[in-house]
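Take the position in the sequence shown, starting the count at 1, then add 679; the result is the number in my numbering. One structure is given below, encoded as structure tokens.
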Amino acid sequence: MKNVKLRLIIMNFLQFAVWGAYLTSVGNYLGSAGMGHLIAWFYAIQGIVSIFMPTLMGIVADRWIQPQRLLGICQIIAGAFMLVCWGLGHAAMESGTFPNASLFVTMYTISVAFYMPTIALSNTVAFSVLKSHGYDTIKDFPPIRVFGTVGFIATMWFVNCAMWIPEEGLSFTLAPNPLRFQYTHMQLFVSGALGLILGMYCFSLPECLISAEDKKDKSLAEVLGLNAFKLFKVKKMAIFFVFSMLLGMCLQVTNGYAGPFITSFKGSGFADTFAANNATLLTSLSQISEALCILMIPFFLKRFGIKKVMLIAMVAWVLRFGFFGIGNPDMPGVLLFILSMIVYGVAFDFFNVSGALFVEQETDKTIQASAQGLFMLMTNGIGATVGTLSAGAVVNYFCSWTEVDGTSYLLGDWTATWLIFAGFALAVAVAFVLVFKDNTNAVSKQPV
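In structure tokens form, the structure reads like this:
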């Protein structure tokens, strides 16, 4: 029994280690590779593919291919195309040019298209394996999921400190050096290699059997997985999904711009500060907070219910953006950065993980994978796409890439930028209080 949990822990560790290798640092690489103006689009791509890929893969997992096998297939494809991106970046560096932006974006899009469904698929695998071995998903899933955050942090620290010098090999430093992985295409190599490892590992996981009910002849709507959309007929679920979309607009904002924002202080009088030179390491405090906050979810979800848990997340997003708006990388301003990282754990976990558990509890067994895909569609799909592109428009209005001492930094009025984001999160929180009704502490399945 313990071996089952250990295997799921390894899966979750690698699942998010793949993402952590580049998610918060690729913006700095794009800026140095002549693609800084495309940062918003790189993060929007994750949202665009999440509009349809998680739902489609959820349908396949519900009906034709066991989820753990489909998870492995997706990871191998995603990892392979991420390595192609690394190859394009490496070739450009060797020739002293910028990568071909169109080809780079295409390869990246294919990689992300197959990675994004794996987030929901990994949840489906974990829930299925836990339940088949007699575990309580609400009690036992969060402590397993926390190792996903540990994996995310591990690769963030690795790319922050690691650098590859051909004559010397791999080395590590916290000192200013443009060869550190957080600034180069090497972060993509780390992600792609880990993706291939995870893909092969998934084929060793316990089987997640497709029920006989799933295999029998069904209507076209059932075959396409459209039954999950019937959840919108349940008022509470419909409102939940709408606010999932609105809050999803916040998810990728700091992933895309926290790194370039903190690093930009090197070009505006803070070049020698530890924080400005170690943006990825500083940002990892967000994931450490996330790891600790996950452990609080079972208590908060059972004690307060989904409405209060999500409201706490919304208020945390207000603070996350607000502290960025008034902080700086020197003392005492860096303390506000640290506070922003701490509240991120609440902002992310209390929404994302609790939301996934809520969907799992509220939906019928036959459509759970599709329902998780629908949750991903609303948050990391529609919400993240609209949010990232909107954030990109705001950032590009107030800031621009400027060369200082031979290095490009994203400089401008960051205070106004972050306070605009904070204002949006506050408006969503107020609307949520007024609209969402959920008077029960425990969740129960809704008819579909």
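For every residue, glycine included, the Cβ atom is placed at its ideal position computed from N, Cα and C. Since the structure is predicted, the reported quantities are computational estimates derived from the model, not experimental observations.
Outcome for Gly1001 when other beta-carbon atoms lying within 10 angstroms are tallied against a minimum of 16 = Sixteen is the threshold: when 16 or more other Cβ atoms of the shown chains lie within 10 Å of the Cβ of Gly1001, as they do, the residue is buried.
Gln694 and Ser801: beta carbons closer than 8 Å?
-> Cβ distance < 8 Å, so Gln694 and Ser801 count as in contact.
With DSSP as the reference, please indicate the residues paired to Ala841 in a beta bridge.
-> Per DSSP, the beta-bridge partners of Ala841 are Phe851.
When the cut-off is 8 Å and only beta carbons count, does Asn682 lie next to chain C?
-> Protein chain content of the structure displayed is limited to a single chain, and chain C is not contained in it.
If Ala805 and Ala696 are in contact, beta carbons under 8 Å, what's the gap, nearest whole angstrom?
-> That belief does not hold up - the Cβ atoms of Ala805 and Ala696 are roughly 16 Å apart, past 8 Å.
Residues sharing a beta bridge with Val869, DSSP | Beta-bridge annotation (DSSP): Val869 is not paired with any residue.
Tell me whether the beta-carbon of Gly710 lies closer than 8 Å to the beta-carbon of Trp1080.
-> Taking 8 Å as the Cβ cut-off, Gly710 and Trp1080 qualify as a contacting pair.
Please name the residue, chosen from Thr952, Val988, Trp1097, Phe837, that lies closest to Pro855 on a Cα-to-Cα basis.
-> Looking from the CA of Pro855, the closest CA among Thr952, Val988, Trp1097, Phe837 belongs to Thr952.
Taking Gln747 as the reference, which of Cys881, Val705, Phe783, Phe731 has the closest Cα?
-> Nearest option by C-alpha distance: Cys881.
Determine, using beta carbons only, whether Phe783 and Trp698 come nearer to each other than 8 Å.
-> No, these two residues do not count as a Cβ contact at 8 Å.
For Cys1078, the residue or residues it bridges with in DSSP | BP columns for Cys1078 point to Gly1091.
According to DSSP, is Thr952 helix, strand or coil?
-> In the displayed model, Thr952 falls within coil according to three-state DSSP, outside both helix and strand.
Indicate whether the contact test is met: 3 or more Cβ pairs, each with one atom in the segment 1056-1066 and one in the segment 699-718, closer than 8 Å.
-> Judged by pairs of C-beta atoms under 8 Å, the segment 1056-1066 does not touch the segment 699-718, as fewer than three such pairs exist.
Which value, in whole angstroms, describes the spacing of the CA atoms of Tyr794 and Tyr936?
-> Straight-line measurement puts the Cα of Tyr936 at about 21 Å from the Cα of Tyr794.
Run through DSSP, which three-state label would Thr863 get?
-> DSSP places Thr863 in coil when its eight states are reduced to three.
Unbroken alpha helix (DSSP H) run spanning Ala759, endpoints | Here the alpha helix (DSSP H) through Ala759 covers 746-774.
Comparing alpha-carbon positions, which option in Ala700, Tyr722, Leu750, Val728 lies nearest Met690?
-> The candidate whose alpha carbon is nearest that of Met690 is Leu750.
N-terminal and C-terminal residue of the alpha helix (DSSP H) that Val913 is part of | Unbroken run through Val913: none, as it is neither H nor E.
How big is the Cα-Cα spacing for Leu960 and Asn906?
-> For Leu960 and Asn906, the distance between alpha carbons rounds to 43 Å.
Residue ranges of each alpha helix (DSSP H) run of no fewer than 4 residues wholly in the segment 686-737, ordered along the chain?
-> Entirely contained in the segment 686-737, the alpha helix (DSSP H) runs reaching 4 residues are, in chain order, 705-711, 718-729.
Helix, strand or coil at Ala1121 according to DSSP, with G and I counted as helix = The predicted model places Ala1121 with a pLDDT of 43, which falls under 50 and marks its position as unreliable; any figure quoted below should be read in that light. Coil.
As assigned by DSSP and simplified to three states, the class of Val1127 | Confidence is the limiting factor: at Val1127 the pLDDT is only 42, short of 50, which leaves the residue's position unreliable, though a coordinate-based value still follows. Here Val1127 sits in coil by DSSP.
Can you tell which of Thr1064, Glu1082, Asp1084, Leu1089 has the C-alpha that lies nearest to the C-alpha of Tyr1076?
-> Ranking Thr1064, Glu1082, Asp1084, Leu1089 by CA distance to the CA of Tyr1076 puts Leu1089 first.
Cβ-based neighbour list, Ile844, same chain, cut-off 7 Å, excluding 5 preceding and 5 following = Ser850, Leu858.
With C-beta atoms as the reference, is Phe1029 less than 8 Å away from Ile991?
-> Taking 8 Å as the Cβ cut-off, Phe1029 and Ile991 qualify as a contacting pair.
Tell me the DSSP bridge mates of Val1083?
-> DSSP lists Thr1086 as partners of Val1083.
Take the Cβ of Thr655 as the centre, count every other Cβ of all protein chains shown within 10 Å, and call the residue buried at 16 or more, exposed below.
-> Residue 655 lies beyond the residue range present for the chain, which begins at 680 and ends at 1127; the question has no answer from this structure.
Candidates Gln861, Met993, Ala1050: which alpha carbon is nearest Ser963's?
-> For Ser963, the closest of Gln861, Met993, Ala1050 by C-alpha to C-alpha distance is Gln861.
Pull up the CB-CB distance for Phe1111 and Met993, whole angstroms please, since I reckon it's below 8 Å.
-> The C-beta distance from Phe1111 to Met993 rounds to 6 Å, short enough to fall under 8 Å.
Complete alpha helix (DSSP H) runs within the segment 804-836 (minimum length 4 residues, chain order) = Along the length of the segment 804-836, whole alpha helix (DSSP H) runs at least 4 residues long do not occur.
Segment limits, alpha helix (DSSP H) that includes Glu1041 = Where Glu1041 is concerned, the enclosing alpha helix (DSSP H) stretches over 1012-1041.
What is the rounded straight-line gap between the Cα of Ser947 and the Cα of Gly874?
-> Going from the Cα of Ser947 to the Cα of Gly874 covers about 37 Å.
Hey, out of Gly768, Ile730, Ile738, Pro733, whose CA is closest to Val705's CA?
-> The shortest C-alpha separation from Val705 is found at Gly768.
Determine the extent of the alpha helix (DSSP H) in which Gln966 is found, giving its start and end residues.
-> Here the alpha helix (DSSP H) through Gln966 covers 958-973.
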